[in-house]
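Q:
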Amino acid sequence: MCLGNRAESSVRYINTKLCALYKNAVQCFEEHRADRKLSLSAIEYATCLFVLYAPGRYSCDELSHHDLAFFATFGRPHLEFVCNHEVLLFLDIKEGHFNLDYTKTTSKQELHEEITAVFVPEHSDLPGITSADELYLPTLKRAGHHVLYSLPDFDTLASTTSHIDYSIINDSSTLTTDTLHGVNITDINNFLRGLWLQAAAFVDEHGLSIDTVSKTSLAELRTSTEGIDGIHMHLCFGPIYIQPLCKREIILCIHRSISRLTISLSHYLIAREPEHNLSKWKTALIVDTVFEETDHGSSRRIKLDLRFALVYISQPQNSISPLSTIPNLLSGSDYRSIRARREALIYYVQGYYFSASERAHHHVLYTIPILDQGFFGTHSHKLTPLKFQIVPFNYSHGAEYLEGLIVQFSNET
Numbered sequence: 004m005c006l007g008n009r010a011e012s013s014v015r016y017i018n019t020k021l022c023a024l025y026k027n028a029v030q031c032f033e034e035h036r037a038d039r040k041l042s043l044s045a046i047e048y049a050t051c052l053f054v055l056y057a058p059g060r061y062s063c064d065e066l067s068h069h070d071l072a073f074f075a076t077f078g079r080p081h082l083e084f085v086c087n088h089e090v091l092l093f094l095d096i097k098e099g100h101f102n103l104d105y106t107k108t109t110s111k112q113e114l115h116e117e118i119t120a121v122f123v124p125e126h127s128d129l130p131g132i133t134s135a136d137e138l139y140l141p142t143l144k145r146a147g148h149h150v151l152y153s154l155p156d157f158d159t160l161a162s163t164t165s166h167i168d169y170s171i172i173n174d175s176s177t178l179t180t181d182t183l184h185g186v187n188i189t190d191i192n193n194f195l196r197g198l199w200l201q202a203a204a205f206v207d208e209h210g211l212s213i214d215t216v217s218k219t220s221l222a223e224l225r226t227s228t229e230g231i232d233g234i235h236m237h238l239c240f241g242p243i244y245i246q247p248l249c250k251r252e253i254i255l256c257i258h259r260s261i262s263r264l265t266i267s268l269s270h271y272l273i274a275r276e277p278e279h280n281l282s283k284w285k286t287a288l289i290v291d292t293v294f295e296e297t298d299h300g301s302s303r304r305i306k307l308d309l310r311f312a313l314v315y316i317s318q319p320q321n322s323i324s325p326l327s328t329i330p331n332l333l334s335g336s337d338y339r340s341i342r343a344r345r346e347a348l349i350y351y352v353q354g355y356y357f358s359a360s361e362r363a364h365h366h367v368l369y370t371i372p373i374l375d376q377g378f379f380g381t382h383s384h385k386l387t388p389l390k391f392q393i394v395p396f397n398y399s400h401g402a403e404y405l406e407g408l409i410v411q412f413s414n415e416t
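For this note's numbering, count along the sequence shown from 1 and bump the result up by 3.
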């Protein structure tokens, strides 16, 4: 089998098998429609990828699909993977109808045009869709069509062990959620931008220090002079934001300007290039999130699970969305130099940036206070008196410049 991530090959393999099952369903329906055995479970399970029907009233002895409460014929189904946790099932309804009231033929709604329906219950409450959802998906499961095997991996080569990550091949057009654990994505991004502004204001006023890494790491971060494994980095960050893949997995986009990167000769065995300007390189992390209660149940928070985070980088000439397949960085005349810089940056993010973020509690994306349910109804926790002051703020790095006002809060004494 091929090396690297085999998600695209896996999706093609699964959809091809699904297409074969659909063709079998069409053939079975054509063979048994005349002898009226479609109500048998064996036939129903064999044909449900092509035809779906529900009981209704019958006006004559001869079975007619016009008298059924629900009837539909489908085109070839296909799957699109949103991430490693969720998949979209696309159904093409070729022809059909459903009765809003089983006792009145005038309430029959007919479908003659081809309609592509994606079952997302929280985003759709149409009667035809919800009734199909309640009937069709359980039927598919009883028929065993909810189990589809991925690529076989039975060869004798350890180097071709299956590596499949569906999140990387996600297309932004298939995104189906605008919330994360019930919190709007816009609210989370505004929260993260506020944290970045505070860090940038602190750097502008106090500069960088090893003792204040927790307060400055969202805006600017620098490794020690000796570096880690011969790598020294000085990074100036822009605001971070997230894009949802599903209800629990996100893309954390870090627009960063890397002003200095030194790679040692002994570690990477390349011609010494003391400084590399990677100011236009972009980094994205595909990471799971965790929803938990804290402070003895008085609040809830959403945080990153950095144990299994994946790091991806795009080159300056590739202005593509982080949701697309990450481009190959190992091409061009400076093959070894580009590879070394890429590996150094990934090593830094995984070995230093993650730990710095956790120590500063910047892996917490959002905090949600919980309201009390007391005897007299719902009321919030008692607020601690605060005082505030407005501080002018300006921040510049290269061609970027921001200015504004920062409101600083503190406990009233």
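Backbone N, C-alpha and C define an ideal beta-carbon position, used for all residues, glycine too.
Roughly how many whole angstroms lie between the Cα atoms of I191 and Y139?
A: Locating residue 191 in the sequence shown gives position 188, where the first residue counts as 1. Locating residue 139 in the sequence shown gives position 136, where the first residue counts as 1. Computed Cα separation, rounded: 36 Å.
Q: Could you check how far apart the C-beta atoms of F194 and Y356 are, in whole angstroms? I think they sit under 8 Å.
A: One-based indexing of the sequence shown puts residue 194 at position 191. One-based indexing of the sequence shown puts residue 356 at position 353. Actually they are not in contact, since the Cβ atoms of F194 and Y356 sit about 20 Å apart, beyond 8 Å.
Q: What is the rounded straight-line gap between the Cα of E223 and the Cα of I213?
A: Residue numbering aside, residue 223 sits at position 220 when the sequence shown is read from its first letter. Residue numbering aside, residue 213 sits at position 210 when the sequence shown is read from its first letter. If you take the alpha carbons of E223 and I213, they lie about 12 Å apart.
Q: Cβ of G170 within 9 Å of Cβ of C86?
A: As a position in the sequence shown, residue 170 is number 167, starting the count at 1. As a position in the sequence shown, residue 86 is number 83, starting the count at 1. Looking at the sequence provided, one finds Ser at residue 170 rather than Gly. For S170 and C86, yes; Cβs fall inside 9 Å.
Q: Measuring alpha carbon to alpha carbon, tell me which residue in L200, V293, A23 is nearest V186.
A: Taking the sequence shown and counting its residues from 1, one reaches residue 186 at position 183. Checked all of L200, V293, A23; the closest Cα to V186 is V293.
Q: Figure out for me which residue from C249, L248, P247, S220 has the closest Cα to the Cα of F240.
A: Within the sequence shown, the letter at position 237 stands for residue 240. Nearest C-alpha to F240: S220.
Q: Report buried or exposed for V206, applying the criterion of at least 16 other Cβ atoms within 10 angstroms of its Cβ.
A: Counting from one through the sequence shown, the residue named residue 206 turns up at place 203. Classification for V206: buried.
Q: In three-state DSSP terms, what is E89?
A: Residue numbering aside, residue 89 sits at position 86 when the sequence shown is read from its first letter. The answer is coil: DSSP assigns E89 none of H, G, I, E or B.
Q: Where do the N-terminal and C-terminal ends of the alpha helix (DSSP H) with V14 fall, by residue?
A: On the sequence shown, position 11 is the one that residue 14 refers to. 10-35 is the extent of the alpha helix (DSSP H) around V14.
Q: Can you tell me whether H81 is helix, strand or coil according to DSSP?
A: Start at 1 with the first residue of the sequence shown, and residue 81 comes out as number 78. Correct three-state label for H81: strand.
Q: Within a Cβ cutoff of 6 Å, which residues of the same chain sit near G78, ignoring the five residues on either side of it in sequence?
A: On the sequence shown, position 75 is the one that residue 78 refers to. These residues qualify, in order along the chain: D95, K97.
Q: Tell me, please, which residues DSSP counts as bridged to V352.
A: Against the sequence shown, residue 352 aligns to sequence position 349. Beta-bridge pairing links V352 to no other residue.
Q: Taking Cβ to Cβ, would you say K250 is nearer than 9 Å to T159?
A: Along the sequence shown, one-based indexing puts residue 250 at 247. Along the sequence shown, one-based indexing puts residue 159 at 156. No, the Cβ-Cβ distance between K250 and T159 is not below 9 Å.
Q: Once the 5 residues before and after C22 are set aside, which same chain residues still bring their CB inside 6 Å of it?
A: In the sequence shown, the residue the question calls residue 22 occupies position 19. Taken in chain order, the residues that qualify are R79.
Q: I'd like the span of the alpha helix (DSSP H) that includes L195, first residue to last.
A: As a working note, residue 195 is residue 192 in the sequence shown. Residues 188-209.
Q: Excluding the five sequence neighbours on either side, which residues of its own chain have a C-beta within less than 6 Å of the C-beta of H35, listed in chain order?
A: As a position in the sequence shown, residue 35 is number 32, starting the count at 1. Once the five neighbours on either side are set aside, the close Cβ partners of H35 are I46.
Q: Of the choices L154, I305, R310, H149, whose alpha-carbon is the least far from that of A10?
A: As a working mapping, residue 10 is identified with position 7 in the sequence shown. Measuring from the Cα of A10, the nearest candidate turns out to be L154.
Q: Answer with buried or exposed for P247, where buried requires no fewer than 16 other C-beta atoms within 10 angstroms of its C-beta.
A: As a working mapping, residue 247 is identified with position 244 in the sequence shown. Buried, since its Cβ has 16 or more Cβ neighbours within 10 Å.
Q: Could you spell out the range, first to last residue, of the beta strand (DSSP E) harbouring A287?
A: Within the sequence shown, numbered from 1, the residue matching residue 287 stands at position 284. Start and end: 285-297.
Q: Would you list the one or two residues that DSSP bridges to A75?
A: Sequence index remark: in the sequence shown, residue 75 carries index 72 (1-based). Its beta-bridge partners are L55, G99.
Q: Is DSSP giving T381 helix, strand or coil here?
A: Within the sequence shown, residue 381 is the residue found at index 378, counting from 1. Low confidence applies to T381: its pLDDT is 41, below 50, so where it sits in the model is not reliable enough to give any reading.
Q: Which residues in the same chain as F53 place their Cβ atom closer than 7 Å to its Cβ, once the five residues preceding and following it in sequence are excluded?
A: Within the sequence shown, the letter at position 50 stands for residue 53. Correct list, in chain order: Y25, A28, V29, F32, T76, F77.
Q: What residues match up with S302 in a beta bridge as DSSP calls it?
A: As a first step, residue 302 must be located in the sequence shown, where it is residue number 299. T297, P372.
Q: Using the beta-carbon count (16 or more within 10 Å), is F157 buried or exposed?
A: The residue you call residue 157 lines up with position 154 of the sequence shown. Classification of F157: exposed, given that the 10 Å Cβ count is below 16.
Q: Are P141 and R196 close, meaning C-beta to C-beta below 9 Å?
A: The count along the sequence shown starts at 1 and reaches residue 141 at position 138. The count along the sequence shown starts at 1 and reaches residue 196 at position 193. No, Cβ-Cβ distance for P141 and R196 is not below 9 Å.
Q: Give the straight-line distance between the Cα atoms of I257 and E361, rounded to the nearest whole angstrom.
A: Looking up residue 257 in the sequence shown gives position 254. Looking up residue 361 in the sequence shown gives position 358. Taking the straight line from one Cα to the other gives about 16 Å.
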